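S.K.: Respectively, the protein sequence lines represent chains P and R. Residues in the first sequence are numbered consecutively from -9, following this note's numbering. Residues in the second sequence are numbered consecutively from -9, following this note's numbering. From the three backbone atoms N, C-alpha and C, an ideal C-beta is built for every residue, glycine too. Computed from a prediction, not measured in an experiment: that's the story for all the values here.
There are 2 protein chains.
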Amino acid sequence: MLAGDVRAIARLMRDIDDGQPGWTEVLKLLHPRAGRARIIGLTGSPGVGKSTLTDDLVGRFRAQGLTVGVVAVDPTSPFSGGAILGDRIRMQRHATDEGVFIRSLATRGHFGGLTSSTRGVVTVMEAMGKDVILVETVGVGQDEVEIVRTADTTVIITVPGLGDDIQAIKAGILEAGDIFVVNKMDREGAGRTVQELKNMLALSGGAKHRSGWEPPVILTCGLDGRGLPELMQALDGHLQVLTADEGRLLAQRRREGARRELMDLIQAGVMERLLGRLGPEQGLEAMVEQVVSGRADPYTLSQQALSKVLGQE
Amino acid sequence: MLAGDVRAIARLMRDIDDGQPGWTEVLKLLHPRAGRARIIGLTGSPGVGKSTLTDDLVGRFRAQGLTVGVVAVDPTSPFSGGAILGDRIRMQRHATDEGVFIRSLATRGHFGGLTSSTRGVVTVMEAMGKDVILVETVGVGQDEVEIVRTADTTVIITVPGLGDDIQAIKAGILEAGDIFVVNKMDREGAGRTVQELKNMLALSGGAKHRSGWEPPVILTCGLDGRGLPELMQALDGHLQVLTADEGRLLAQRRREGARRELMDLIQAGVMERLLGRLGPEQGLEAMVEQVVSGRADPYTLSQQALSKVLGQE
């Protein structure tokens, strides 16, 4: 894998995505080689044009001579478990460039685990020697924000015409962003969206949390590349702030990322063991039946399950 | 509380939201009184007009003589932990109607727990005797979809101009929906969005999972109420399918909801105990430092933590 065997790398990434046992053993070996890449997270509602922007950024980093990895987090349907077309279609432009490695995570860990599988794939890309890794998440839910917040720089993407609703600022996305992008800048109301974002940022005091970094709001057009040079400039500006003062802010970010990864790994592991130990007659399905039939409440049952496996508190 | 003491109810809901110890003890007592209300989940990207539609539905159910509870799931910023304005502003129309109880969940459980706190508040509203409970989640992430999927009927809301992107179908939202709404129907491209949704539903075979229920796609205008009668009709239609055949499908839905609630409660409880038992020198922060400094990898550390508390596998 370290010799660059793409098939071995692809297999490991698939194992991580599928939650196959054994992948953590390989990652233990790769971990010492990680931690050197620049990690950029991008998130926003469906339809704001994340893939197009990511695609453009890949080209710009390549033009600087940097190698790039892309992790697109894209949990598939909870029912079908099948693959999604989108990933195959996108980014064909870079398909023959060996300096670019694109991988999308389609499945979701059984008990959470999405943060740790994303970071697992990022670790593999770092060990492969990629200079820049773009982590793109679909959706603007809490999970998606958590994932991109494990990046060094978080970019939040929106479009005009969504920002006119008070809800657009919700879900804790505002203070998670280091850079804001208003894509599809030719749409009506782009200027107002920028102004609203700026007002909200000023109100929330988001900048204060970032010690000297005031999150910029940038207008872009993913289709023709307008605004992309400004976005690259903002990314470089944020990197400078992160690495200034002996990298104090970068270390703080990475500490936060490691904390989330550890929590996620522990949580996934503990649920797996717990449900394994309960056995069929006290297992999850038996508890479900008791709740649905009204014979017991979920609070008592979950406490009993915990006491059985972990002992009394 | 059962006598209708609104202050006692509000205090319990706040405790649930804040994850205060003891709330599960009260819910144990209330649980036998739950399970009778009709629970409707609504989700969609920020800015699609969820609150306006919810507000309108409240009025329509009230006109039928039914009492209504609204739970708006709205995780606040991970940084500030502060409250959000939106909830105070919205739904002023029903502020003086005693048949309506609105509560927004602003915080997020420490270790997940958002599904169980939402269901906890739903349980309180059921025990209060509310006939219909609307659960509204902000965002379209995996978490938000998980929450509304614990409802009896799930409504997915979108607007024209988002559906033109292949990403709009992602994140597993398609097969989670029983009813699809294209709000802001006067916007350009509304017809195309409806057609695209219908095509995707046909392709995904989502209807098959619902045994005879074909998810309709409804055009609405939240501002003037167009399409809302059709939405009410679709909600009633779905209820009929759920309760047909001695409520076989409804029971299946509720089993799924109970499963998610149990998993969420167990997960939250186990993390709390685990981190409590590890003690400071092996605690989370010590692990974080080891990972960031490169002295250990997160995979080994999380396995060690699990073994310490749960014993060797």
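Can you list, in chain order, the residues of its chain whose CB lies under 7 Å from that of residue 209/R, leaving out five sequence neighbours each side?
M.R.: The residue you call residue 209/R lines up with position 219 of the second sequence. Only 172, 175, 180, 184 and 217 meet the Cβ criterion.
S.K.: Report the rounded CA-to-CA distance for residue 77/R versus residue 45/R, giving the unit in angstroms.
M.R.: Numbered from 1 along the second sequence, position 87 holds the residue referred to as residue 77/R. Numbered from 1 along the second sequence, position 55 holds the residue referred to as residue 45/R. Confidence at residue 77/R is low in this model, with a pLDDT of 46, below 50, so the placement of that residue should be treated as unreliable; the coordinate-derived value is given next. Going from the Cα of residue 77/R to the Cα of residue 45/R covers about 12 Å.
S.K.: Just curious, the alpha helix (DSSP H) that residue 278/R is in, first and last residue?
M.R.: The residue labelled residue 278/R in the question sits at position 288 within the second sequence. Where residue 278/R is concerned, the enclosing alpha helix (DSSP H) stretches over 274 to 282.
S.K.: Using the Cα positions of residue 109/R and residue 229/R, report the straight-line distance between them to the nearest angstrom.
M.R.: Here residue 109/R corresponds to residue number 119 of the second sequence, with the count starting at 1. Here residue 229/R corresponds to residue number 239 of the second sequence, with the count starting at 1. About 20 Å.
S.K.: Residue range of the beta strand (DSSP E) that residue 62/P falls in?
M.R.: Taking the first sequence and counting its residues from 1, one reaches residue 62/P at position 72. Unbroken beta strand (DSSP E) run through residue 62/P: 58 to 63.
S.K.: Have a look at residue 206/P and residue 265/P and give me their C-alpha separation to the nearest angstrom.
M.R.: Locating residue 206/P in the first sequence gives position 216, counting from the first residue. Locating residue 265/P in the first sequence gives position 275, counting from the first residue. Roughly 46 Å between the two C-alpha positions.
S.K.: For chain P, find out if any of its Cβ atoms is closer than 9 Å to the Cβ of residue 241/R; answer yes or no.
M.R.: Translated into the one-based positions of the second sequence, residue 241/R becomes position 251. Residue 241/R counts as touching chain P.
S.K.: Residues in its own chain within less than 8 Å of residue 121/P by CB, not counting five upstream and five downstream?
M.R.: Residue 121/P sits at position 131 when you count from the first residue of the first sequence. The answer, listed in chain order, is 27, 28, 51, 56, 57 and 58.
S.K.: Considering only their Cβ atoms, is the gap separating residue 105/R from residue 250/R smaller than 9 Å?
M.R.: Stepping through the second sequence from its first residue, residue 250/R is reached at position 260. Stepping through the second sequence from its first residue, residue 105/R is reached at position 115. Their beta carbons are under 9 Å apart, which means residue 250/R touches residue 105/R by this criterion.
S.K.: Residue 31/P lies in the beta strand (DSSP E); which residues open and close that run?
M.R.: Numbered from 1 along the first sequence, position 41 holds the residue referred to as residue 31/P. Start and end: 28 to 34.
S.K.: Let me know the secondary structure DSSP gives residue 126/P once reduced to three states.
M.R.: Translated into positions along the first sequence, residue 126/P becomes position 136. Reduced to three states, the DSSP call for residue 126/P is strand.
S.K.: Indicate whether at least one CB of chain R lies closer than 9 Å to the CB of residue 175/P.
M.R.: By one-based count along the first sequence, residue 175/P stands at place 185. By this cut-off, residue 175/P is not an interface position.
S.K.: In the DSSP output, which residue or residues are listed as bridge partners for residue 209/P?
M.R.: By 1-based counting over the first sequence, the position of residue 209/P is 219. Note: residue 209/P sits in a beta bridge opposite 172/P.
S.K.: For a contact defined as C-beta to C-beta under 9 Å, what are the partners of residue 190/R on chain P?
M.R.: Taking the second sequence and counting its residues from 1, one reaches residue 190/R at position 200. Ordered by position in chain P, no residue passes the 9 Å Cβ test against residue 190/R, which lies about 11 Å from the chain.
S.K.: Buried or exposed: which applies to residue 8/R, given that a residue is buried once 16 or more other Cβ atoms fall within 10 Å of its Cβ?
M.R.: In the second sequence, the residue the question calls residue 8/R occupies position 18. Answer is exposed; the Cβ neighbour count stays below 16.
S.K.: Tell me the DSSP secondary structure of residue 145/P in three-state form.
M.R.: Counted from its first residue, the first sequence places residue 145/P at position 155. Looking at residue 145/P - three-state DSSP - the assignment turns out to be strand.
S.K.: Around the Cβ of residue 62/P, are there at least 16 other Cβ atoms within 10 angstroms (buried) or fewer (exposed)?
M.R.: Reading the first sequence from its first residue, position 72 is the one you call residue 62/P. With 16 or more other Cβ atoms within 10 Å, it is buried.
S.K.: Could you list the residues in the stretch 255 to 269 of chain P with a C-beta less than 7 Å from some C-beta on chain R, going in chain order?
M.R.: Per Cβ criterion, the list reads 255, 256, 257, 259, 260, 261, 263 and 264.
S.K.: Strictly by DSSP, which residues pair up with residue 91/R?
M.R.: Reading the second sequence from its first residue, position 101 is the one you call residue 91/R. DSSP output for residue 91/R lists 59/R as bridge partner(s).
S.K.: Roughly how many angstroms separate the alpha carbons of residue 212/R and residue 167/R, rounded to a whole number?
M.R.: Along the second sequence, one-based indexing puts residue 212/R at 222. Along the second sequence, one-based indexing puts residue 167/R at 177. For residue 212/R and residue 167/R, the distance between alpha carbons rounds to 19 Å.
S.K.: Cβ closer than 9 Å: which chain R residues qualify as neighbours of residue 298/P?
M.R.: Position 308 of the first sequence holds residue 298/P. Correct list: empty, because the minimum Cβ distance to chain R is about 11 Å.
S.K.: For residue 295/R, return the contacting residues in chain P, with the cut-off set at a CB-CB distance below 7 Å.
M.R.: Your numbering for residue 295/R matches position 305 in the second sequence. Under the 7 Å cutoff, chain P gives 256.
S.K.: Can a CB atom of chain R be found closer than 9 Å to the CB of residue 348/P?
M.R.: This structure leaves residue 348/P out entirely; chain P is present only between -9 and 303.
S.K.: Less than 7 Å between C-beta atoms, sequence neighbours within five positions excluded: which residues of the same chain meet that for residue -9/P?
M.R.: Position 1 of the first sequence, counted from the first residue, corresponds to residue -9/P. Hits under 7 Å: -2, -1 and 2.
S.K.: Give me the Cα-Cα distance between residue 178/R and residue 151/R, rounded to the nearest whole angstrom.
M.R.: On the second sequence, position 188 is the one that residue 178/R refers to. On the second sequence, position 161 is the one that residue 151/R refers to. Straight-line Cα distance between these residues: approximately 7 Å.
S.K.: Can you tell me the Cβ-Cβ gap for residue 123/P and residue 143/P, rounded? I've got them flagged as a contact below 8 Å.
M.R.: Your numbering for residue 123/P matches position 133 in the first sequence. Your numbering for residue 143/P matches position 153 in the first sequence. No, residue 123/P and residue 143/P are not in contact; Cβ-Cβ is about 11 Å, not under 8 Å.
S.K.: Our contact map puts residue 111/R next to residue 139/R with C-beta atoms below 8 Å; I'd like the distance itself, whole angstroms only.
M.R.: In the second sequence, counting from the first residue as 1, residue 111/R sits at position 121. In the second sequence, counting from the first residue as 1, residue 139/R sits at position 149. Not quite, the Cβ-Cβ distance comes to about 17 Å (not below 8 Å), so this is no contact.
S.K.: Could you work out which residues of chain P lie near residue 248/R, taking near to mean beta carbons separated by less than 7 Å?
M.R.: Numbered from 1 along the second sequence, position 258 holds the residue referred to as residue 248/R. Here the neighbours are 278, 281, 282 and 288.
S.K.: By how many angstroms is the C-alpha of residue 12/R removed from the C-alpha of residue 114/R?
M.R.: As a first step, residue 114/R is located in the second sequence; it is residue number 124 there, counting from the start. As a first step, residue 12/R is located in the second sequence; it is residue number 22 there, counting from the start. Cα to Cα, residue 114/R sits roughly 14 Å from residue 12/R.
S.K.: What does the Cβ neighbour count give for residue 54/P, buried or exposed, with the cut at 16 atoms within 10 Å?
M.R.: For the purposes of this step, residue 54/P is taken as residue 64 along the first sequence, with counting starting at 1. Classification of residue 54/P: exposed, given that the 10 Å Cβ count is below 16.
S.K.: On the CB-based measure, 16 or more other CB atoms within 10 Å of its CB, does residue 238/R come out buried or exposed?
M.R.: What you label residue 238/R is simply residue 248 of the second sequence in a count that begins at 1. By the 10 Å Cβ count, residue 238/R comes out exposed.
S.K.: Evaluate residue 191/P with the Cβ neighbour count: other Cβ atoms within 10 Å of its Cβ, from every protein chain shown; 16 or more gives buried, anything less gives exposed.
M.R.: Taking the first residue of the first sequence as position 1, residue 191/P is located at position 201. Buried.
S.K.: Taking 9 Å as the CB-CB limit, is residue 107/P close to chain R?
M.R.: For this step, residue 107/P is matched to residue 117 along the first sequence. No, residue 107/P lies away from the interface with chain R (no Cβ there is under 9 Å from its Cβ).
S.K.: Since residue 288/P and residue 252/R should fall inside the 8 Å C-beta cutoff, what is the C-beta to C-beta distance between them, to a whole number of angstroms?
M.R.: Locating residue 288/P in the first sequence gives position 298, counting from the first residue. Locating residue 252/R in the second sequence gives position 262, counting from the first residue. About 5 Å; that satisfies the 8 Å criterion.
S.K.: Once the 5 residues before and after residue 160/P are set aside, which same chain residues still bring their CB inside 8 Å of it?
M.R.: Position 170 of the first sequence, counting from 1, holds the residue named residue 160/P. For residue 160/P, the predicted structure reports a pLDDT of 47, less than 50, and the residue's modelled location is therefore unreliable. A value from the coordinates is still provided. Closer than 8 Å at the Cβ level, and outside the excluded window around residue 160/P, lies no residue.
S.K.: With residue 292/P and residue 255/R assumed to form a contact (beta carbons below 8 Å), what rounded beta-carbon distance in angstroms separates them?
M.R.: As a working mapping, residue 292/P is identified with position 302 in the first sequence. As a working mapping, residue 255/R is identified with position 265 in the second sequence. 4 Å between Cβ atoms; contact.
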